[in-house]
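In the working numbering, the protein residues as written are 60 to 406.
Where a beta carbon is used, it is the ideal one built from N, C-alpha and C, also for glycine.
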Ligand SMILES: [Fe+2]
């Protein structure tokens, strides 16, 4: 765990002027976790700016104990642009062992509307022989059109993965494609969930439509982001455009102009750790600590805000018509990080 303070007041210019969305400015807000209202405050407390606040304490600028289940966050926000949504983000989770199950218990305890993955869904080789034991065993309740052996699955599709490099290792992703039956070409796709629009990418070098900023896949993303009518455009891919991780680090090929194209956040995995960065005002969240062996950090990038690798965990996202909150929890329910971004969305 590093000791950097959260940035409480990093104003960024409103984007996408002329669209249906009326953003009244993006500002990081502090959250009054004790009040029951996540959206009550827009100004930091006097002592919250810079200090040796670390670990779970960083979630409580009021000095109170960390929330254990976070149920006091995000539930009473105003909703004037669609139904409020809550979802979990897991990454590099498909180990099939107890760490994966611990993370699944954490995430399902949030009763999320859906679950997003940042890839490496099925270690070690993405094979058909292991896929149900490494995904369905813990997450079948969220998988639509489920054909595995762990229950009936979900009546609707509530599990939205991206492929990781380990998923690509067998027969050019075939077991993954067969198991999930995802929209579009199944490798990369979009899904409009109302307030939130997911853009699920294939950042792998094996991707036939490329993974560079001028690739066919990137052109598709730019076009589809421009067409989005949702309040929050969430971009997800496996490999990290930016990371302070020791194993892989940043991948410059993946540093597309996401912000200019209309993304509100970029999630990735690949590095088995948690890191939140701010690159030109856009949050990049590396969330690859969902069950597999954990990795180390090297010297932090200047853009890095929060880093954690001491236990497994997942990100919870709460979206309303007034803003979006990202929180990282460990499997013990300790909240390590939170970022709240105000953005009022109207029809
Ligand atoms: Fe991985």
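Residue i (DSSP reduced to helix, strand or coil)
| i | result |
| --- | --- |
| residue 183 | coil |
| residue 256 | strand |
| residue 372 | strand |
| residue 264 | coil |
| residue 213 | strand |
| residue 221 | coil |
| residue 280 | helix |
| residue 248 | strand |
| residue 317 | helix |
| residue 135 | In this prediction, residue 135 scores a pLDDT of 35, lower than 50, which makes its location untrustworthy; the coordinate-derived value is nonetheless stated afterwards. Residue 135: coil per DSSP, three-state reduction. |
| residue 228 | helix |
| residue 337 | strand |
| residue 392 | coil |
| residue 195 | helix |
| residue 208 | coil |
| residue 312 | helix |
| residue 351 | coil |
| residue 285 | helix |
Closest residue to residue i among the options (Cα-Cα distance)
| i | options | result |
| --- | --- | --- |
| residue 261 | 254, 250, 245 and 356 | 245 |
| residue 251 | 240, 266 and 216 | 216 |
| residue 350 | 275, 247, 142 and 197 | 197 |
| residue 388 | 293, 210, 369 and 352 | 369 |
| residue 281 | 258, 266, 380 and 310 | 258 |
| residue 288 | 312, 254, 296 and 325 | 254 |
| residue 174 | 182, 162, 184 and 183 | 162 |
| residue 358 | 309, 230 and 263 | 309 |
| residue 304 | 401, 327 and 382 | 327 |
| residue 276 | 290, 300 and 248 | 248 |
| residue 346 | 168, 263 and 325 | 325 |
Unbroken alpha helix (DSSP H) run spanning residue i, endpoints
| i | result |
| --- | --- |
| residue 329 | No alpha helix (DSSP H) contains residue 329, which DSSP labels as neither H nor E. |
| residue 345 | Residue 345 -> not in any alpha helix (DSSP H); beta strand (DSSP E) instead, spanning 341–346. |
| residue 236 | 233–239 |
| residue 165 | 157–167 |
Residue i: first and last residue of the uninterrupted beta strand (DSSP E) it sits in
| i | result |
| --- | --- |
| residue 386 | 382–389 |
| residue 293 | 291–295 |
| residue 366 | 363–367 |
| residue 145 | 144–149 |
| residue 173 | 173–176 |
Proximity test, residue i beta-carbon vs ligand 1 heavy atom, cut-off 6 Å
| i | result |
| --- | --- |
| residue 151 | yes |
| residue 156 | no |
| residue 197 | no |
| residue 179 | yes |
Beta-bridge partners of residue i, as assigned by DSSP
| i | result |
| --- | --- |
| residue 379 | 382 |
| residue 397 | 386 |
| residue 325 | 294 and 343 |
| residue 304 | 356 |
| residue 203 | 213 |
Residue i at chain C interface by Cβ criterion, 7 Å
| i | result |
| --- | --- |
| residue 312 | The structure shown contains no chain C; it is built from a single protein chain. |
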